[in-house]
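Residue numbers (UniProt numbering): 1 to 669.
Have a look at this one:
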């Protein structure tokens with residue numbers, strides 16, 4: 001059932017990483033701050049006026065401090081024995097990233113009160129194992145609370161509702177909320193926090209027209225921060241003083257001398273201005289300074305950033321500075337950055353640095369440490385805030401070299417190393433990963449989901465043995481990844497998928513998919529003994545996969561090094577014959593089949609004019625620079641630089657040199 005929920009508090013394991021607010025005091029509001037808004041919430045919660053709002057919605061921009069307020073309210077309500085139940089959504093934690101477990105989690109908390117309500121909830125859960133959200137909410141929360149109402153005002157707290165998936169995914173839960181909240185006892189209040197979201201706003205507007213007894217309208221108390229107000233500026237100054245006093249103590253204890261009044265009053269005022277009302281900006285900036293070897297210089301770098309016109313622009317500017325600063329660190333590795341962030345953003349649950357290193361097959365720690373202001377790693381590596389996740393996925397904001405695609409062929413269904421204690425192993429209908437048992441391989445799907453490609457080549461997805469797919473790319477080119485697999489008849493095959501992250505991510509998914517179709521259009525028409533043949537297509541990891549024979553001897557540079565006695569004249573003749581049929585740029589695109597024949601490959605991300613079979617360049621991609629003539633490498637020539645017959649002859653000559661002299665160094669000389 002599409003809109004059903006399941007869960008049994010007596011048998012289901014505890015939710016992962018759900019920490020009661022009582023244990024999160026250190027993450028709540030700094031004493032002496034947020035006093036006005038906390039007083040408003042306290043008055044609302046404790047009001048016994050039957051006409052007062054039953055629902056309070058705290059909605060404001062990302063990084064304004066909503067979750068800190070929610071945790072603080074949860075803590076104080078727990079201390080006063082007024083917290084009935086709570087749920088804190090977390091986009092990067094599987095069981096806190098959707099609404100499917102909210103009702104079972106909250107009913108479990110209610111049942112901890114013991115007595116008659118606990119027994120009633122347990123019975124309700126047993127009788128509603130798989131029902132709609134409305135029925136589950138009513139039987140597990142509304143009905144038990146009505147039969148055993150709290151004597152004093154009590155709270156149901158739901159934080160970060162906007163992190164509960166897409167509007168479509170949370171629609172059924174919002175419907176249940178609108179239906180059931182008016183039926184709750186008058187002593188039960190509901191507090192929600194989120195970023196402004198149209199679907200949440202629409203649901204709460206509907207709630208305002210629903211009544212429990214058709215006499216009184218149920219209003220929603222809508223609350224927001226005044227980020228530019230005097231109270232917020234005063235709180236920011238207190239928070240800045242708190243953060244930087246801790247940094248100063250830490251640095252001095254490590255033998256780093258700092259001025260007595262550091263930061264100066266003028267610097268603190270400048271920090272307030274740079275923060276644009278965001279507590280998040282101060283948190284990230286303070287972490288950046290704390291991680292620096294020279295905290296005074298790091299602070300001056302931040303204060304030298306241009307003041308931005310709004311909070312969102314301010315935090316984006318800070319993220320840009322931190323990434324550029326990390327890149328300047330000799331320990332930082334850009335490919336590792338992409339692999340780490342791919343995992344952090346797409347993994348169902350947070351991973352440790354060691355688990356990430358195992359998964360990407362290299363040491364992730366140095367790069368993670370360079371990113372500490374925007375990543376936390378104690379013990380799990382997580383983004384410091386969801387706004388950073390959004391920043392590095394936004395091509396309009398993030399530098400292209402740091403851009404992370406919203407989905408990649410590698411990781412959409414990637415196998416991920418995770419501790420067995422963290423989560424039950426997932427079953428995979430395609431077979432188990434041989435490196436990380438129990439976790440799924442990249443998946444195959446029907447080509448029908450790409451109708452523009454469906455008729456260009458045969459769909460061979462059902463002819464690929466899914467258990468044979470390599471757990472990682474067997475080769476990586478400038479534009480795509482090659483995965484090794486087997487045909488069901490036993491032949492080894494290669495699946496090529498375009499890499500939708502890194503530099504190519506700035507081009508955009510639609511353009512890259514269009515390039516895939518263009519490559520298919522060209523490749524499907526090419527038939528020559530020295531050109532690699534296209535066997536068919538599949539949908540792989542959510543993207544178009546191009547299937548060809550597996551070339552066991554690798555590319556030509558590897559082959560001539562591993563086989564120094566090979567007939568080099570024959571190889572060069574094969575390459576020239578292929579080039580006579582198809583102009584190509586780059587020796588890296590020459591592969592060697594099992595019998596030692598050279599074949600040309602890679603016909604995409606360049607435009608082929610069918611009438612002449614000549615390639616023209618685009619600004620987003622080039623071949624291997626070592627084989628390019630000067631005009632193709634010189635940025636000043638970019639507007640008029642095209643791959644021509646002459647440039648192909650140049651590349652062919654460089655290829656001949658490499659084949660004859662057995663080394664890439666020949667290309668330099």
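The beta-carbon is built from N, C-alpha and C at its ideal position, and this holds for glycine as well. Remember, it's a predicted structure, so these values are computed and weren't measured experimentally.
query: Where does residue 318 fall in DSSP's three states?
result: Position 318 of the chain shown, counted from the start, is the residue given in the question as residue 318. Per DSSP, reduced to three states, the secondary structure at residue 318 is helical.
field: Residue environment, residue 493, which counts as buried when at least 16 other CB atoms sit within 10 Å
entry: Walking along the chain shown from the start, residue 493 turns up at place 493. Buried: at least 16 other Cβ atoms inside 10 Å.
- request: Helix, strand or coil for residue 33, going by three-state DSSP, please let me know.
  value: Within the chain shown, the letter at position 33 stands for residue 33. Assigned with DSSP and collapsed to three states, residue 33 falls in coil, not helix or strand.
- prompt: Run through DSSP, which three-state label would residue 487 get?
  reply: Position 487 of the chain shown, counted from the start, is the residue given in the question as residue 487. DSSP, read as helix, strand or coil, puts residue 487 in strand.
- prompt: Does DSSP put residue 395 in a helix, a strand or coil?
  reply: Start at 1 with the first residue of the chain shown, and residue 395 comes out as number 395. Shown here, residue 395 sits in coil according to DSSP, grouped into three states, outside any helix or strand.
message: For the beta strand (DSSP E) containing residue 156, name the first residue and the last one.
response: Within the chain shown, the letter at position 156 stands for residue 156. 154-159 is the extent of the beta strand (DSSP E) around residue 156.
message: Tell me the residue span of the alpha helix (DSSP H) that contains residue 106.
response: Counting from one through the chain shown, the residue named residue 106 turns up at place 106. Looking at the DSSP string, the run of the alpha helix (DSSP H) that includes residue 106 is 102-111.
field: Segment limits, beta strand (DSSP E) that includes residue 56
entry: As a first step, residue 56 must be located in the chain shown, where it is residue number 56. For residue 56, the enclosing beta strand (DSSP E) covers residues 55-59.
task: Put residue 402 into one of helix, strand or coil per three-state DSSP.
output: As a working mapping, residue 402 is identified with position 402 in the chain shown. Note: residue 402 maps to helix in three-state DSSP.
field: Endpoints, the alpha helix (DSSP H) within which residue 561 is located
entry: Your numbering for residue 561 matches position 561 in the chain shown. Unbroken alpha helix (DSSP H) run through residue 561: 556-562.
- request: Return helix, strand or coil for residue 521, following the three-state DSSP convention.
  value: Here residue 521 refers to the residue found at position 521 when the chain shown is read from its first residue. It is helical.
query: Buried or exposed: which applies to residue 32, given that a residue is buried once 16 or more other Cβ atoms fall within 10 Å of its Cβ?
result: By 1-based counting over the chain shown, the position of residue 32 is 32. Classification of residue 32: exposed, given that the 10 Å Cβ count is below 16.
message: For residue 660, tell me which candidate among 181, 55, 573 and 389 has the shortest Cα-Cα distance.
response: Locating residue 660 in the chain shown gives position 660, counting from the first residue. Of the candidates 181, 55, 573 and 389, the one whose C-alpha sits nearest the C-alpha of residue 660 is 573.
query: residue 569: buried (16+ other C-beta within 10 angstroms of its C-beta) or exposed?
result: What you label residue 569 is simply residue 569 of the chain shown in a count that begins at 1. Counting Cβ neighbours within 10 Å, residue 569 comes out exposed, since fewer than 16 surround it.
query: Just curious, the alpha helix (DSSP H) that residue 568 is in, first and last residue?
result: Translated into positions along the chain shown, residue 568 becomes position 568. Looking at the DSSP string, the run of the alpha helix (DSSP H) that includes residue 568 is 568-581.
message: Less than 8 Å between the C-beta atoms of residue 545 and residue 470, yes or no?
response: Here residue 545 is taken as the residue at index 545 of the chain shown, counted from 1. Here residue 470 is taken as the residue at index 470 of the chain shown, counted from 1. Cβ atoms of residue 545 and residue 470: not closer than 8 Å.
message: Assuming the contact rule is C-beta atoms closer than 8 Å, residue 535 and residue 523 should be a hit. Round their C-beta distance to whole Å, please.
response: Indexing the chain shown from 1 puts residue 535 at position 535. Indexing the chain shown from 1 puts residue 523 at position 523. So it is not a contact: roughly 10 Å between Cβ atoms.
- request: Classify residue 294 as buried or exposed, calling it buried when 16 or more other Cβ atoms lie within 10 Å of its own Cβ.
  value: Position 294 of the chain shown holds residue 294. Exposed, by the Cβ-count rule.
- prompt: Is residue 110 close to chain C, meaning its C-beta is less than 8 Å from at least one C-beta of that chain?
  reply: Of the protein chains in this structure there is only one, and it is not chain C.
field: Collapsed DSSP secondary structure at residue 217 in the structure displayed
entry: Within the chain shown, the letter at position 217 stands for residue 217. Here the model assigns residue 217 a pLDDT of 49, short of 50, so the residue's position is not dependable and the matter cannot be decided.
query: Can you give the Cα-Cα distance for residue 576 and residue 651, rounded to whole angstroms?
result: To locate residue 576, count along the chain shown from 1; it is residue 576. To locate residue 651, count along the chain shown from 1; it is residue 651. Straight-line Cα distance between these residues: approximately 11 Å.
- request: Return the chain-ordered list of same chain residues with a C-beta closer than 6 Å to the C-beta of residue 134, the five sequence neighbours on each side being excluded.
  value: Within the chain shown, numbered from 1, the residue matching residue 134 stands at position 134. Contacts found: 176 and 179.
field: 8 Å contact criterion, which residue 374 and residue 384 should meet: CB distance rounded
entry: As a first step, residue 374 is located in the chain shown; it is residue number 374 there, counting from the start. As a first step, residue 384 is located in the chain shown; it is residue number 384 there, counting from the start. Right, the Cβ-Cβ distance comes to about 5 Å (below 8 Å), so this counts as a contact.
Where the beta strand (DSSP E) containing residue 268 begins and where it ends: Residue 268 sits at position 268 when you count from the first residue of the chain shown. No beta strand (DSSP E) holds residue 268; the alpha helix (DSSP H) holding it covers 265-275.
- request: Please list, in chain order, all residues of the same chain as residue 397 whose beta carbon is under 7 Å from its beta carbon, the five residues on each side excluded.
  value: Along the chain shown, read from residue 1 onward, the residue named residue 397 stands at position 397. Result list for residue 397: 316 and 391, in chain order.
Start-to-end residues for the beta strand (DSSP E) that takes in residue 193: The residue you call residue 193 lines up with position 193 of the chain shown. Per DSSP, residue 193 belongs to the beta strand (DSSP E) from 188-194.
query: Taking residue 298 as the reference, which of 279, 318 and 314 has the closest Cα?
result: In the chain shown, counting from the first residue as 1, residue 298 sits at position 298. Residue 298 has its Cα closest to that of 318, out of 279, 318 and 314.
field: Three-way DSSP call (helix, strand, coil) for residue 97 in this model
entry: Looking up residue 97 in the chain shown gives position 97. Residue 97 falls in the coil class under three-state DSSP.
field: Whole-Å CB distance - residue 278 paired with residue 64, under 8 Å assumed
entry: Here residue 278 refers to the residue found at position 278 when the chain shown is read from its first residue. Here residue 64 refers to the residue found at position 64 when the chain shown is read from its first residue. Residue 64 and residue 278 do touch by the CB rule: their CB atoms are close to 6 Å apart, below 8 Å.
query: Is the beta carbon of residue 54 sitting closer than 8 Å to the one on residue 190?
result: By 1-based counting over the chain shown, the position of residue 54 is 54. By 1-based counting over the chain shown, the position of residue 190 is 190. Against a cut-off of 8 Å, the Cβ pair of residue 190 and residue 54 comes out as a contact.
message: Quick test of the definition: if touching needs 3 or more C-beta pairs under 8 Å, does the segment 260-269 touch the segment 353-361?
response: The segment 260-269 vs the segment 353-361: no contact.
query: Taking the alpha-carbon positions, what's the residue 595 to residue 465 distance?
result: Along the chain shown, read from residue 1 onward, the residue named residue 595 stands at position 595. Along the chain shown, read from residue 1 onward, the residue named residue 465 stands at position 465. Cα-Cα distance, rounded: 25 Å.
task: Compute every distance between the C-beta of residue 48 and the non-hydrogen atoms of the ligand ATP, then say whether any falls below 7 Å.
output: Summarising the ligand content, the structure contains no ligands, and the ligand ATP is consequently not present.
task: Classify residue 95 as buried or exposed, calling it buried when 16 or more other Cβ atoms lie within 10 Å of its own Cβ.
output: Residue numbering aside, residue 95 sits at position 95 when the chain shown is read from its first letter. With 16 or more other Cβ atoms from the protein chains shown falling within 10 Å of its own Cβ, residue 95 counts as buried.
- prompt: What residues in its chain sit with their C-beta under 6 Å from that of residue 665, if we drop five residues either side in the sequence?
  reply: Counting from 1 along the chain shown, the entry for residue 665 is found at position 665. Reliability fails at residue 665, whose pLDDT of 44 lies under 50, so the model's placement of it is uncertain and the value that follows must be treated cautiously. The beta carbon of residue 665 is closer than 6 Å to none in its chain, skipping five residues each way along the sequence.
Three-state class that DSSP yields for residue 651 in the structure shown: Working through the chain shown from its first residue, we reach residue 651 at position 651. Helix.
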